[in-house]
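Note sheet for the following structure.
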Amino acid sequence: MLRNLFKGGDKNSIEPENEKNKESWFNRLKSGLAKTRNSFISQLSGLLRVGRKIDEELMEEIEEILIQADVGVDTTLTLMDNVRETVKEKALGDSSELETVIKDEVMKLLGEDVPLNLNGEPPYTILVLGVNGAGKTTTIGKLASRFHANGNRVLVAAGDTFRAAAEDQLAIWCERAGAELIRGGEKADPASVVFDAVHAAKTRNVDVMIVDTAGRLHTKKPLMDELSKIGRVMGQAHNGAPHEVLLVIDGTVGQNALMQAKIFNEAVPITGVVVTKLDGTAKGGIVIAVKSELGAPVKLIGIGEKLDDLRDFTGEDFVEALFTTEDTVDTTQSS
Numbered sequence: 000m001l002r003n004l005f006k007g008g009d010k011n012s013i014e015p016e017n018e019k020n021k022e023s024w025f026n027r028l029k030s031g032l033a034k035t036r037n038s039f040i041s042q043l044s045g046l047l048r049v050g051r052k053i054d055e056e057l058m059e060e061i062e063e064i065l066i067q068a069d070v071g072v073d074t075t076l077t078l079m080d081n082v083r084e085t086v087k088e089k090a091l092g093d094s095s096e097l098e099t100v101i102k103d104e105v106m107k108l109l110g111e112d113v114p115l116n117l118n119g120e121p122p123y124t125i126l127v128l129g130v131n132g133a134g135k136t137t138t139i140g141k142l143a144s145r146f147h148a149n150g151n152r153v154l155v156a157a158g159d160t161f162r163a164a165a166e167d168q169l170a171i172w173c174e175r176a177g178a179e180l181i182r183g184g185e186k187a188d189p190a191s192v193v194f195d196a197v198h199a200a201k202t203r204n205v206d207v208m209i210v211d212t213a214g215r216l217h218t219k220k221p222l223m224d225e226l227s228k229i230g231r232v233m234g235q236a237h238n239g240a241p242h243e244v245l246l247v248i249d250g251t252v253g254q255n256a257l258m259q260a261k262i263f264n265e266a267v268p269i270t271g272v273v274v275t276k277l278d279g280t281a282k283g284g285i286v287i288a289v290k291s292e293l294g295a296p297v298k299l300i301g302i303g304e305k306l307d308d309l310r311d312f313t314g315e316d317f318v319e320a321l322f323t324t325e326d327t328v329d330t331t332q333s334s
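Residue numbering for the sequence shown follows numbering that gives the first Met the number 0, starting at 0 and increasing by one per position.
In structure tokens form, the structure reads like this:
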């Protein structure tokens, strides 16, 4: 059985259940989303000033703002159709009533929070995909460190054998995180490296195994075929593997990230998305678009370089942080 995978909380959560930590995280999340909020909410607040009549012109202006925040055209149209239905059903007439409606509809699009799926027979395996530069190595390092800090034996497989630098970066992260690293050397067959790593993880009684993969040329078929092969090999070597297939996308890339996601999803069906660098973009609406257009839940988000700036995604906190103005004192979150 897995040894104390997540101390103090749900075993599928990567963060400790601590009220002080949760409050601190919400404040950092609010700060991280400042660029999106200042761009998105400031415009929206101007439109929804008291006294403006709710009409089609107003709805179209709201749509423009949502699209600029990278919510995406299809997602925006779906969301606003739902808003129009609610306005009609409740006979709303004043624009000041729309913010709550929009927040509620965003929450519906995000759906229920879905934690990491770490059920089954250890070692629990996490296959990590994503283009180079999305934050894949950093995400793996932060995950490994968190698991290790909670008393678990962690092994990382260097499946990106096309770049020597990728293995070197992983080695640094593994040393920091106290995790073992299996590497096959430059140009080694990635699937073979992963196959050996799975067997090593089982032999060494590893609790969590995280697999890195190549991320260049995401539009090229050979790489997608290689990723598919890795997924099959993991399943052959260990029943139920991979337990999670996480796609890491760069929040600053916007809609291009969705195109990448769809291509990766064809190679290995993803079970969750990690959105990184949300603190560096004014287009955090991509988080809303991912769930709506890809169908896979956002499971983790990153809002900085600190170790604990990678956290479980909570839709309610995300929406509150997005819509909360800087001078609003939050007293309801983290409960």
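For every residue, glycine included, the Cβ atom is placed at its ideal position computed from N, Cα and C. These numbers come from a predicted model, not from an experiment.
Return the first residue and the last residue of the alpha helix (DSSP H) that residue i is part of.
i	result
Asp103	97 to 109
Leu65	55 to 67
Ile287	285 to 288
Val272	No alpha helix (DSSP H) contains Val272, which is instead part of the beta strand (DSSP E) from 271 to 275.
Arg310	Note, Arg310: premise wrong, no alpha helix (DSSP H); beta strand (DSSP E) at 309 to 311.
Ser291	Looking at the DSSP string, Ser291 is not in any alpha helix (DSSP H), and its letter there is neither H nor E.
Leu306	Per DSSP, Leu306 belongs to no alpha helix (DSSP H) and is neither H nor E.
His147	135 to 148
Gly314	314 to 322
Glu265	254 to 266
Who pairs with residue i in a beta bridge, going by DSSP?
i	result
Val153	Val207
Lys52	Asp93
Could you tell me the alpha carbon to alpha carbon distance between residue i and residue j, rounded to whole angstroms?
i	j	result
Asp335	Glu292	The question about residue 335 has no answer here: the residues shown for the chain are numbered 0 through 334.
Glu315	Gly284	14 Å
Asp54	Gly92	8 Å
Phe183	Ile269	First, the residue type needs correcting, since residue 183 is Gly and not Phe in the sequence shown. Going from the Cα of Gly183 to the Cα of Ile269 covers about 25 Å.
Ser30	Gln235	44 Å
Gly301	Arg145	14 Å
Thr160	Glu166	7 Å
Ala97	Pro114	Reading off the sequence, residue 97 comes out as Leu, not Ala. Near 31 Å, if we compare the C-alpha coordinates of Pro114 and Leu97.
Ala178	Lys89	55 Å
Thr138	Met233	20 Å
Thr75	Val100	14 Å
Gly294	Leu128	17 Å
Thr202	Ala163	27 Å
Asp249	Leu46	30 Å
Trp24	Met79	30 Å
Val207	Gly71	35 Å
Thr323	Val289	22 Å
Arg231	Gly132	26 Å
Asp103	Glu319	11 Å
Between which two residues does the beta strand (DSSP E) holding residue i run?
i	result
Leu128	123 to 128
Leu43	Segment 33 to 46 is the alpha helix (DSSP H) holding Leu43; no beta strand (DSSP E) there.
Glu243	243 to 249
Ile300	297 to 301
Gly71	Careful: Gly71 lies outside any beta strand (DSSP E) and carries neither H nor E.
Asp112	That residue, Asp112, is in no beta strand (DSSP E); it is neither H nor E in DSSP.
I believe residue i touches residue j by the beta-carbon criterion, under 8 Å. Please report the beta-carbon distance rounded to the nearest angstrom.
i	j	result
Ile287	Val86	That pair is no contact at about 20 Å.
Val205	Pro122	5 Å
Phe414	Leu321	Lying outside 0 to 334, the shown extent of the chain, residue 414 is not represented and no answer is given.
Leu117	His198	Actually they are not in contact, since the Cβ atoms of Leu117 and His198 sit about 20 Å apart, beyond 8 Å.
Ala196	Leu154	7 Å
Leu126	Val252	So it is not a contact: roughly 21 Å between Cβ atoms.
Asp211	Gly158	5 Å
With 7 Å set as the bound, which would you pick, yes or no: does the beta-carbon of residue i sit closer than that to a beta-carbon of chain C?
i	result
Ile287	Going by chain labels, chain C is absent from the structure shown, which holds only one protein chain.
Problem set entry | Unbroken stretches of the alpha helix (DSSP H), 4 residues or longer, contained in the region 160 to 226 | 163 to 176, 189 to 202
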